[in-house]
Amino acid sequence: ALVANLSIFDLGGDDPGSGEIGYWTHPDARGRGVMTEAARLAVDHAFRPTADGGLGLRRLTLLAAASNAASAHIARRAGFTEVGRERQAELLGDGSYDDLLTFDILISDDRLGQTPGRT
1 ALVANLSIFD
11 LGGDDPGSGE
21 IGYWTHPDAR
31 GRGVMTEAAR
41 LAVDHAFRPT
51 ADGGLGLRRL
61 TLLAAASNAA
71 SAHIARRAGF
81 TEVGRERQAE
91 LLGDGSYDDL
101 LTFDILISDD
111 RLGQTPGRT
């Protein structure tokens, strides 16, 4: 059974050195640190030079609905920094709107301070 999905997308648009990361985790797999570890590995892959099998990026962005505390928590634990908030920018399934948080991480950021363990 599929317990989670993570993608790096939007590669090569206006800024060929950047991409966006998105993810979801099945409710039964949450709280185990699975997605935090996957996000950290994805960041490592994104920033690894193409000559070494990576994507050779310098910047990744991540968007999360403000009401999705778990997603924001994963982003922070994976080393991302919250850099903005768009008010009422995310249409929810019930027809209401939520703020959209923007996170990013740069290849030059210190990722050694990431907190290991469960999320």
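Number 17 in my numbering belongs to position 17 of the sequence shown; there are no gaps in the numbering. Just so it is clear, CB atoms sit at the ideal spot from N, CA and C, and this is done for glycine as well. Every value quoted in this text rests on a predicted model; they were computed, and no experiment measured them.
Cβ pair count under 8 angstroms reaching 3, the region 57-69 against the region 97-109: With a cut-off of 8 angstroms, the region 97-109 and the region 57-69 count as touching, because enough Cβ pairs lie within range.
Expected contact under 8 angstroms - CB spacing of S18 and L62 to nearest Å: In the sequence shown, counting from the first residue as 1, residue 18 sits at position 18. In the sequence shown, counting from the first residue as 1, residue 62 sits at position 62. For a cut-off of 8 angstroms, the C-beta gap from S18 to L62 is around 12 angstroms, too long to register as a contact.
Quick check: the Cα distance between S71 and G33, rounded to an integer number of angstroms? Along the sequence shown, read from residue 1 onward, the residue named residue 71 stands at position 71. Along the sequence shown, read from residue 1 onward, the residue named residue 33 stands at position 33. Their Cα atoms are separated by approximately 12 angstroms.
Taking its Cβ as the centre, do 16 or more other Cβ atoms sit within 10 Å of A42, making it buried, or is it exposed? Residue 42 sits at position 42 when you count from the first residue of the sequence shown. Flag for A42 reads buried.
L60: buried (16+ other C-beta within 10 angstroms of its C-beta) or exposed? Reading the sequence shown from its first residue, position 60 is the one you call residue 60. Label assigned to L60: buried.
Can you tell me where the beta strand (DSSP E) holding A104 begins and where it ends? The residue given as residue 104 occupies position 104 in the sequence shown. Note that residue 104 corresponds to Asp in the displayed sequence, not to Ala. For D104, the enclosing beta strand (DSSP E) covers residues Y97 to L106.
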